[in-house]
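Written below as structure tokens is the structure these notes are about.
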Amino acid sequence: CPSLIISSHNTYGVAVIMNQIGVLLFLSVCAVANAFTTTSTSPLAQLRSRSASSFSNEPINFSTSTPSCSRTTHLAASPLEVLDPSYNLALGSLALGLVFGVPGSPLKSKLSAFLVGIPLTLFGLFLAYQTTTLRFTLDDENFSLVKNGGESTGVNVVVGGENVWAYNKFVNYDLFPSRSFPILVYFKETQTPEENWNVGPGEQANSEEAIAKGAVPGQVHFFPAIANTEDLIKGFEKHGCEKIE
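Shown next as structure tokens:
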């Protein structure tokens, strides 16, 4: 990316930077909001123990008691891979916040410190917290977002249902802006009820124009890259997740 140097007199440069950072913050916050509310207890250690000792067909139920949830998915007792957390995104946000806010920095000004430095620093701390408390997991049938102890993250506040998705329901996945520089994890699936597919970014992703260009209809998801994305992509490939090239 080209270097961006601003001063207190270059308000246009500040506006350009703020526009770019604002888009990133919006997508990342929306991605994190894609994950929570109610919880149920199912420790990660129990999952690992069961997968190591038995391959029975008895499911481990990650469902919640929320009556309005129409979609429930179960994690089967199978080998469970818990992806290592990655603090790269959190550290990058903190570093940028300090660059724009530390006295003596060529990018620091009163305007940049308040409009860029402080928000990025706070956002970096927020991402560090999410990286510590959440985990991506892969078993034989599902990709899941769980708490670091293995508990369900509950009902998805955006489209409902649990944060557990079957590999055979994937229609696409990718990393943005690239695999070598991951900021957001993207995937699209058809497990979510169709009436929710156009919520949020899905409206554009499922538009007639997007379909004409080769997109497959489905529910869009974005998560911040708070785990080892190389292992995640290899897991998707291993389990045969569909991907549009």
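In this note's numbering, the protein residues as written are -3 to 241.
For glycine and all other residues, C-beta sits at the position ideal for the given N, C-alpha and C.
Fair warning: this is a prediction, and the values are worked out from it, not measured in the lab.
Counted as a single uninterrupted DSSP element, the alpha helix (DSSP H) harbouring F122 occupies residues 114 to 129.
Under the criterion of beta carbons closer than 8 Å, Y163 and C237 qualify as touching, at roughly 5 Å.
For L90, the closest C-alpha among the options N144, L118, K165 is that of L118. Across the structure, F232 and F177 are spaced so that their CA atoms are roughly 18 Å apart. By the Cβ-count criterion, I240 is exposed, with fewer than 16 other Cβ atoms from all chains shown falling within 10 Å of its own Cβ. Residue pairing by DSSP places L134 opposite E77, F139 in a beta bridge. Inter-residue distance for L94 and T127 is about 20 Å (C-alpha atoms, whole angstroms).
Contact between P189 and V216 fails: their C-beta atoms lie close to 14 Å from each other, not under 8 Å. Around D80, the same chain offers N224 as residues with beta carbons nearer than 6 Å, after the five sequence neighbours per side are excluded. Apart from sequence neighbours up to five positions away, the residues of its chain that approach K143 with a beta-carbon distance below 8 Å are T35, T129, L130, R131, T149, ordered along the chain. In chain order, A206 place their CB closer than 7 Å to the CB of Q200, counting only its own chain and leaving out the 5 sequence neighbours on each side. In the three-state scheme derived from DSSP, where H, G and I count as helix and E and B as strand, Y83 is classed as coil.
In the displayed model, N168 falls within a strand according to three-state DSSP. Within the same chain, and ignoring the five residues on either side of F172 in sequence, the residues whose Cβ sits closer than 7 Å to its Cβ are I179, L180, Y182. N202 is not a Cβ neighbour of P220, given a cutoff of 8 Å. V195 and V155 do touch by the CB rule: their CB atoms are close to 6 Å apart, below 8 Å. Collapsing the DSSP output to three states places F219 in a strand. The residues G120, L123, A124, T127, in chain order, have a CB closer than 7 Å to that of A86 in the same chain once the five nearest residues on each side in sequence are set aside.
Excluding sequence positions up to five before and after V78, its CB lies within less than 6 Å of the CB of R131, T133, all in the same chain and listed in chain order.
Assignment of I207 by DSSP, reduced to helix, strand and coil, places it in the helix class.
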